[in-house]
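Engineer: This note's numbering puts the first residue of the sequence shown at 1, with every later residue one more than the last.
Just so it is clear, CB atoms sit at the ideal spot from N, CA and C, and this is done for glycine as well.
Sharing a structure, written as structure tokens. Questions coming.
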Amino acid sequence: MNGAHEQGQGRVAIVTGGGTGIGAATARLFAAQGTGVALVGRRRELLEEVAAEITAQGGKALCIAVDLGEAGAARQVVETVLAEMGRIDALVNNAATIRVKPFEEFTADDFETHVAVNMRAIFFTIQAALPALRRSPAPAIVNISSSVGSMIRIGNSLYGMTKAGIEYLTRSLAAEFGPAGIRVNAIAPGPVDTPIHKTWADDLEAAYRQLAFEVPLGRMGRAEEVAWWIVQLCEPHGAWVTGQIIHVDGGQTLSVVPPRPAGEWPAGG
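Next comes the structure, spelled out in structure tokens:
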């Protein structure tokens, strides 16, 4: 444990969507390795619960309750982290939203919300954090995409569009920031047991059964399994990896799913 703690000693990571699921698991793992964590999310009570766990174990955590979909929020986050923690070494863009429905039912509000949270927030958080990342001896950015960014899922046209955009941005910035030593990668999780599924599934148990059926390994993923990959990509020992989209999905993007009966609406992803 001491070796792991020394590995991240003195480093600071921002984790958006840090109050639940993959973000919370990532924050806990960073802290266990000695990295200070800035938890960002809309619901302060959830952030404070995670922060309390971290501080109880001797770690350092800062809570920033903000809606990253709002203009100016990204700069506010970065300024707060620098004022309170003094540096930024890693940025994990995990916050996301998803709505699943037929294409013709999506509204202008659906579109704006997906773009604001899933794309604009990432773009401008990276931009705001860039000067601080340039000062880090081992800077890293990890964007959280989805298996849906690489496969077609009916009803996910908006969500999938934004996740595919994240993957393009990841590769583009890896090339652009490479000379400065800033690594940019993305993790594309498959179906993971996190609260986000409750936002689109009326029957969560049935949705989980369907999603597990589509995964060659035959089960939903766990947030901790994704968090491990995120932290590995952010640590200095990952210094030779950039511009990669790593699928942590139980093989979902390899799966050939038998067709459903005509008229049956598929689960989201």
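I'd like to know whether the C-beta of V81 is nearer than 9 Å to at least one C-beta of chain B.
Structural biologist: You won't find chain B in this structure, because it holds only one protein chain.
Engineer: Mind checking Y159: buried by the 16 CB within 10 Å criterion, or exposed?
Structural biologist: Stepping through the sequence shown from its first residue, residue 159 is reached at position 159. Classification for Y159: buried.
Engineer: Can you tell me which of the three DSSP states V100 falls into?
Structural biologist: Here residue 100 is taken as the residue at index 100 of the sequence shown, counted from 1. In the structure shown, V100 sits in coil (DSSP, three-state: anything other than H, G, I, E or B).
Engineer: Exposed or buried, what is R120 when buried is set at 16 or more other beta-carbons lying within 10 Å of its beta-carbon?
Structural biologist: For the purposes of this step, residue 120 is identified with residue 120 of the sequence shown, where counting begins at 1. Buried is the call here.
Engineer: Quick check on P139: buried or exposed, where buried means 16 or more other Cβ atoms within 10 Å of its Cβ?
Structural biologist: Position 139 of the sequence shown, counted from the first residue, corresponds to residue 139. By the 10 Å Cβ count, P139 comes out buried.
Engineer: Is it right to say S172 is buried, meaning 16 or more other beta carbons lie within 10 angstroms of its own, or is it exposed?
Structural biologist: Indexing the sequence shown from 1 puts residue 172 at position 172. Under this definition S172 is an exposed residue.
Engineer: What's the gap between the Cα of P189 and the Cα of I141?
Structural biologist: Here residue 189 is taken as the residue at index 189 of the sequence shown, counted from 1. Here residue 141 is taken as the residue at index 141 of the sequence shown, counted from 1. Cα to Cα, P189 sits roughly 16 Å from I141.
Engineer: Tell me whether V78 sits in a helix, a strand or coil according to DSSP, three-state version.
Structural biologist: Here the question's residue 78 lines up with position 78 in the sequence shown. Three-state result, V78: helix.
Engineer: So, S145 versus T125, is the Cβ gap smaller than 9 Å?
Structural biologist: Taking the first residue of the sequence shown as position 1, residue 145 is located at position 145. Taking the first residue of the sequence shown as position 1, residue 125 is located at position 125. It is not a contact, given that the beta carbons lie outside the stated cut-off.
Engineer: Which whole-angstrom value describes the C-beta separation of V15 and V92, a residue pair presumed to lie in contact below a C-beta threshold of 8 Å?
Structural biologist: As a working note, residue 15 is residue 15 in the sequence shown. As a working note, residue 92 is residue 92 in the sequence shown. Contact holds; Cβ gap of about 5 Å.
Engineer: Considering only residues of the same chain and omitting the five flanking positions on each side of F103, which have a CB-CB separation below 7 Å?
Structural biologist: Working through the sequence shown from its first residue, we reach residue 103 at position 103. The answer, listed in chain order, is S157.
Engineer: Go through its chain and collect everything with a Cβ distance to F123's Cβ below 8 Å, but skip five positions before and after it.
Structural biologist: As a working note, residue 123 is residue 123 in the sequence shown. Same-chain partners within the cutoff: L169.
Engineer: Taking Cβ positions, are E224 and A25 nearer each other than 9 Å?
Structural biologist: By one-based count along the sequence shown, residue 224 stands at place 224. By one-based count along the sequence shown, residue 25 stands at place 25. Yes, the pair counts as a contact, with Cβ atoms nearer than the cut-off.
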